[in-house]
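The sequence shown begins at 16 in this note's numbering and counts up by one.
No residue lacks a Cβ here, since even glycine has one placed at the ideal position from N, Cα and C.
Because the structure is a prediction, the values reported are computed rather than measured.
First comes the structure, then the notes that go with it.
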Amino acid sequence: YALIDTIQLVWTHNCEHGVLRGLQIQISNNRKEFKLVDPLTDIQFGPEQLIAKIPIFWDEALNLGKFSTSFREDMWTPIA
């Protein structure tokens with residue numbers, strides 16, 4: 016999981032490609048909030064690897080994020 020801060024997409028006449036960059040996050044056991052991994056870990060991947068964009072609330076003072084929606088339990092099953 017990652018907190019994305021940069022999305023770079025490039026379109027050409029016959030394809031698109033790009034990169035997403037951010038910081039690795041750790042999701043709490045209750046799956047309602049998350050925090051940045053300590054020490055900070057950069058992460059990057061291609062847009063074709065993006066599974067979902069999830070809206071969040073970010074608390075700068077606590078350096079803690081909370082999901083702005085709830086999820087079904089089966090949505091957390093890892094994709095093989």
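Discussion item. By alpha-carbon positions, which one of 21, 82, 18, 74 ends up nearest to residue 47?
Written reply: Here residue 47 refers to the residue found at position 32 of the sequence shown. When only C-alpha atoms are compared, the closest one is 82.
Worksheet entry | For residue 64: DSSP bridge partner residues | Your numbering for residue 64 matches position 49 in the sequence shown. DSSP lists no partner for residue 64.
Discussion item. Does the contact criterion of 3 or more C-beta pairs under 8 Å hold for the segment 54-68 versus the segment 26-43?
Written reply: yes
Fill in: For residue 79, the nearest candidate out of 41, 63, 32, 61 (CA to CA)
In the sequence shown, counting from the first residue as 1, residue 79 sits at position 64. The shortest Cα separation from residue 79 among 41, 63, 32, 61 belongs to 41.
Worksheet entry | Helix, strand or coil at residue 88 [DSSP, three-state] | Counted from its first residue, the sequence shown places residue 88 at position 73. Reduced to three states, the DSSP call for residue 88 is helix.
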